[in-house]
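Quick notes on the structure that follows.
Residue numbers (full-length UniProt numbering): 1 to 886.
As structure tokens, this is what we get:
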């Protein structure tokens with residue numbers, strides 16, 4: 001470019017810069033309310049992603065829940081390539097296999113109309129059937145190649161994307177890689193040997209500091225990039241406003257353009273959103289999300305300036321606004337695809353509800369003949385003393401082992417409750433000062449729980465000192481391994497010593513995982529337990545401890561008729577070499593094992609003073625009832641029990657009976673699961689748990705589709721295929737419906753997060769999945785990249801939803817079935833906007849279980865019969881308060 005042209009452009013940019021950003025009397029740039037509001041609105045649309053240590057399932061659409069499901073899909077398609085619907089090919093296969101019937105499609109069309117979906121009255125069942133019977137043809141409306149041929153609905157692209165489309169270049173990838181490297185370096189948590197010079201600064205200032213010296217972008221041919229960076233304000237939000245002006249974007253495009261930019265890098269956008277969340281909990285603020293936008297805009301301004309490439313944003317704004325207006329009215333093709341999603345959900349709903357109560361009729365057709373539950377099991381259990389009551393997490397993986405446990409021992413009752421057992425704790429390992437939050441992502445821990453060696457103060461002190469020394473030595477050894485100077489010498493000198501271990505792990509001979517000495521002698525291991533005294537030292541009074549204990553029992557629904565043993569069974573996975581391991585652990589425990597919560601809960605409920613306090617609140621616990629902690633290993637289905645030294649001798653025989661029953665349940669559950677996993681070896685589950693090359697150690701929560709809130713009598717005795725979250729609840733014992741409110745605002749929302757993460761990772765793996773496990777690279781110890789660059793991966797890997805031949809997770813929105821009076825459910829929905837948005841905007845399906853049948857909550861806020869005891873069911877607008885039978 002001629003130098004005189006460059007000079008003219010520079011003058012114009014300087015002129016824009018001088019007028020775009022106001023300053024105070026000290027010359028410091030000020031942020032306008034307009035840009036602050038815009039950035040906050042965009043950031044609120046982006047769901048956070050947690051670090052690998054605390055990796056939990058997150059609903060990537062949570063920021064859009066104030067809008068209708070299909071409306072969000074249509075709107076996002078105007079400014080991104082995100083997809084919320086499966087291709088027709090997927091539903092064509094389901095229709096051919098009989099998983100979806102014509103009746104389901106007909107009911108789906110009716111429900112779309114009843115929900116007030118815009119344009120639903122234009123389609124009918126015959127149009128949907130005709131679409132399914134079409135032969136796939138190449139083209140943008142062919143589902144098998146729809147995405148690869150582009151998005152015809154889109155009008156708004158990032159500047160670099162438009163540049164690439166018109167010049168056949170690859171600047172989008174280069175810019176994204178530059179930003180990704182900056183973020184990976186900035187957020188590193190000890191993986192990198194050399195640290196960034198901007199370490200300790202906010203992301204934007206760290207990037208600005210680095211780029212004043214970094215010539216990488218200039219070596220790519222973009223001259224004066226460092227000068228541009230040097231001229232930017234020191235505040236990220238101010239820089240965003242300035243750079244939008246330099247690009248020439250009118251204000252009417254700001255929000256959509258910034259959202260377009262954020263969704264182009266959904267991983268790092270989610271990570272910076274998480275930084276803002278953490279800062280808010282700490283009482284401060286984070287500008288990192290604005291920094292990410294500023295970085296993208298700075299590269300775009302540099303490219304525009306250097307390549308003299310400009311966009312007529314005003315004309316584009318008119319086209320985009322017109323496109324946004326059209327998006328309010330979905331096309332017939334999109335409505336037909338949406339009807340297929342609803343039809344698949346209805347088919348599943350009818351199968352599930354038909355199993356909960358038989359025989360029933362659905363609108364216009366008999367319920368298919370599913371295997372009904374055993375009515376003898378539905379009957380009220382005899383009043384004889386129970387051997388045990390076992391409380392499992394509501395996790396879908398608990399459903400199979402609960403069923404098999406009840407079949408193995410009729411005198412064992414099982415319950416479902418959130419796996420953190422209502423304890424908002426941060427467990428602290430022996431010898432440490434801090435731990436990790438063992439709570440759902442929606443809340444923060446309220447207190448720490450320290451471990452100690454029971455009845456051995458000297459042993460506790462000795463083990464603490466040993467652990468400190470071991471930690472120091474291992475840190476020094478790790479630094480020697482990774483040092484730039486010694487790393488090669490380390491491999492050459494010690495590599496052979498690791499040979500036997502590598503061979504054993506490669507061939508699956510390593511049967512013990514994480515078995516290295518941690519400073520606690522083998523004789524002390526059984527005495528290592530959480531300390532109640534640590535609660536008292538933190539000011540948690542006896543009354544507060546009684547509050548916790550009461551909340552646990554009332555939440556579970558056990559306040560009388562206790563068994564001799566009550567087992568609180570958390571869960572955890574056992575895998576090797578899996579960066580996303582926390583995603584297989586307990587989501588209610590923040591992606592960690594439920595062991596600390598179960599052990600503390602059992603210890604609280606066994607404490608004499610706590611029991612005295614409970615007695616004063618109407619909950620009598622006799623000496624014949626003992627609480628025990630356990631953990632269900634979801635990879636192997638073994639159950640391990642803890643703190644057996646406190647088990648009374650009088651309960652030894654009872655415990656052995658429970659162990660025998662759980663062993664039988666484990667064997668049967670493993671037989672149920674093995675056909676779903678590759679490999680015919682009966683011991684394959686054990687191998688998977690220690691095989692460092694295994695990409696499918698277990699299926700996790702794949703297949704999850706329902707959240708059932710009801711007494712166990714509704715579901716006991718038959719298989720739910722490991723697809724349902726089961727939360728125990730009896731509304732007749734819930735005075736004021738406080739427990740119902742807790743369930744609908746916490747566990748149900750968390751289950752919805754899990755469901756929609758699996759949904760998004762299946763429907764749109766490109767944006768919301770994490771690609772192929774075999775090429776994952778851990779970055780900064782907090783996240784993963786696919787290969788050596790690109791965006792941060794946030795969702796589930798392909799191996800978690802697909803077995804290489806077919807889907808193992810069938811994407812559908814969570815069906816929540818609640819046995820409670822409709823008025824009580826209505827009151828919770830009216831009280832909580834978060835819950836109301838999920839239900840009324842189609843992100844979650846809600847059905848009330850009543851004495852006369854099942855009624856779904858429409859998106860217009862009305863109750864509609866879907867399955868009733870009437871021979872000729874009639875829809876009714878309001879579901880009156882009804883009294884379900886047990």
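Ideal Cβ placement from N, Cα and C applies to all residues, glycine included. Please read these numbers as outputs of a predicted model, since none were measured by experiment.
Checklist entry - Can a CB atom of chain C be found closer than 8 Å to the CB of residue 741? => result Reference to chain C is not applicable here, since this structure consists of a single protein chain.
Checklist entry - Relative to the alpha-carbon of residue 585, which residue among 430, 52, 259, 265 has its alpha-carbon at the smallest distance? => result 52
Item to check | Range of the contiguous alpha helix (DSSP H) that encloses residue 40 | outcome: 33-45
Item to check | residue 388 - containing beta strand (DSSP E), residue span | outcome: 388-393
Checklist entry - What residue range is occupied by the uninterrupted alpha helix (DSSP H) comprising residue 101? => result No alpha helix (DSSP H) contains residue 101, which DSSP labels as neither H nor E.
Next on the checklist: I need the DSSP call for residue 309, collapsed to helix, strand or coil.
Outcome noted: coil
Item to check | residue 50, buried or exposed, once every other Cβ within 10 Å from all chains shown has been counted against 16 | outcome: buried
Checklist entry - Quick one, are the C-beta atoms of residue 678 and residue 689 less than 8 Å apart? => result no
Next on the checklist: Can you give me the C-alpha to C-alpha distance between residue 34 and residue 608, rounded to a whole angstrom?
Outcome noted: 60 Å
Item to check | For residue 757 and residue 638, the rounded distance between their alpha carbons | outcome: 27 Å
Checklist entry - Can you name the start and end residues of the alpha helix (DSSP H) that residue 69 belongs to? => result 69-76
Next on the checklist: At the level of alpha carbons, what is the spacing between residue 413 and residue 75?
Outcome noted: 49 Å
Next on the checklist: What does the Cβ neighbour count give for residue 896, buried or exposed, with the cut at 16 atoms within 10 Å?
Outcome noted: Because residue 896 is not part of the residues shown, which for the chain are 1 to 886, the question remains open.
Checklist entry - Grouping DSSP H, G and I as helix and E and B as strand, with all else coil, what is residue 500? => result helix
Next on the checklist: Which residues does DSSP list as the beta-bridge partners of residue 448?
Outcome noted: 426
Next on the checklist: Going by DSSP, what residue range makes up the alpha helix (DSSP H) through residue 569?
Outcome noted: Run containing residue 569: none in the alpha helix (DSSP H); it sits in the beta strand (DSSP E), 565-572.
Next on the checklist: Tell me the rounded alpha-carbon separation between residue 274 and residue 48.
Outcome noted: 4 Å
Item to check | Pair within 8 Å by beta-carbon distance, residue 546 and residue 614 | outcome: yes
Next on the checklist: Between the alpha carbons of residue 212 and residue 232, how many angstroms are there, rounded?
Outcome noted: 11 Å
Next on the checklist: As a quick exercise: from 219, 782, 710, 808, pick the residue whose alpha carbon is nearest that of residue 353.
Outcome noted: 710
Checklist entry - Near residue 319, which residues of its chain fall below 6 Å by C-beta distance, leaving aside the five closest residues on each side in sequence? => result 155
Checklist entry - Around the Cβ of residue 260, are there at least 16 other Cβ atoms within 10 angstroms (buried) or fewer (exposed)? => result buried
Checklist entry - Looking only at DSSP bridge pairs, what is residue 294 linked to? => result The partner list for residue 294 (beta bridge, DSSP) is empty, contrary to what the question assumes.
Checklist entry - Out of curiosity, what's the CA-to-CA distance linking residue 165 and residue 721? => result 47 Å
Item to check | CA-to-CA distance, residue 806 to residue 772, given in whole angstroms | outcome: 16 Å
Checklist entry - Given 8 Å as the limit, is there contact between the region 633-650 and the region 764-781, that is, 3 or more CB pairs closer than that? => result no
Item to check | Among 540, 630, 634, 173, the one whose alpha carbon lies nearest that of residue 641 | outcome: 630
Item to check | Nearest-angstrom Cβ-Cβ length linking residue 819 and residue 731, presumed shorter than 8 Å | outcome: 7 Å
Checklist entry - I think residue 653 touches residue 565, with their Cβ atoms under 8 Å apart; what is that distance to the nearest whole Å? => result Residue 653 to residue 565, Cβ: 11 Å. No contact.
Next on the checklist: Just to confirm, is the Cβ distance from residue 570 to residue 393 under 8 Å?
Outcome noted: yes
Checklist entry - Anyone know if the C-beta pair for residue 589 and residue 419 falls short of 8 Å? => result yes
Checklist entry - Going by DSSP, what residues sit across from residue 713 in a beta bridge? => result DSSP, once it has assigned bridges, lists no residue as partnering residue 713.
Checklist entry - Would residue 855 be called buried (16 or more neighbouring beta carbons within 10 Å of its own) or exposed? => result buried
Item to check | Assumed close pair residue 723, residue 396 - CB separation to whole angstroms, cut-off 8 Å | outcome: 6 Å
Item to check | DSSP beta-bridge partners of residue 417 | outcome: 393
Checklist entry - If we count Cβ pairs, one from each stretch, closer than 8 Å, do we get three or more for the region 58-70 versus the region 739-759? => result yes
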